[in-house]
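**Q** My questions will all concern the structure given below.
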Amino acid sequence: MQEGECEVYVAGTFNNWSDRDKKMKQLDDGVYSTSIMIPKGRHEYKFVINGEWSVDPECQEWTSNSMGSLNSVINV
24 MQEGECEVYV AGTFNNWSDR DKKMKQLDDG VYSTSIMIPK GRHEYKFVIN GEWSVDPECQ
84 EWTSNSMGSL NSVINV
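Numbering (the working numbering), first residue to last: 24 to 99.
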């Protein structure tokens, strides 16, 4: 990885919280994207950025998790 590059993944209830399963593609500086087929319903997720777990700052809903932090929530 070059300086300034990030490895970004998305992990959540839809992939059993696998932190290396759904790698995101960089579109622009600081903008990453991926497409995931997930069933209808409520799903919790986080981004994994260079190994560090982070909530989605653009998300409108969060929930507490068993680790004492927050997860982002999406309703499909």
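For every residue, glycine included, the Cβ atom is placed at its ideal position computed from N, Cα and C.
Which same chain residues, not among the five before or five after Val33, have their C-beta less than 8 Å away from its C-beta?
**A** So the list reads Lys45, Met47, Thr57, Ile59, Tyr68, Lys69, Phe70 and Val71, once near-sequence residues are dropped.
**Q** Note down the Cα distance separating Asn98 from Trp85, rounded to an integer number of angstroms.
**A** Cα to Cα, Asn98 sits roughly 11 Å from Trp85.
**Q** Rounded to whole angstroms, what is the Cα-Cα separation between Glu75 and Ile61?
**A** Distance between the alpha carbons of Glu75 and Ile61: 23 Å.
**Q** Which residues mark the beginning and the end of the beta strand (DSSP E) in which Gly35 is found?
**A** It spans Val31 to Gly35 - the beta strand (DSSP E) in which Gly35 sits, taken as one unbroken run.
**Q** Who are the Cβ neighbours of Trp40 in its own chain at under 7 Å, not counting the five residues just before and after it?
**A** So the list reads Ala34, once near-sequence residues are dropped.
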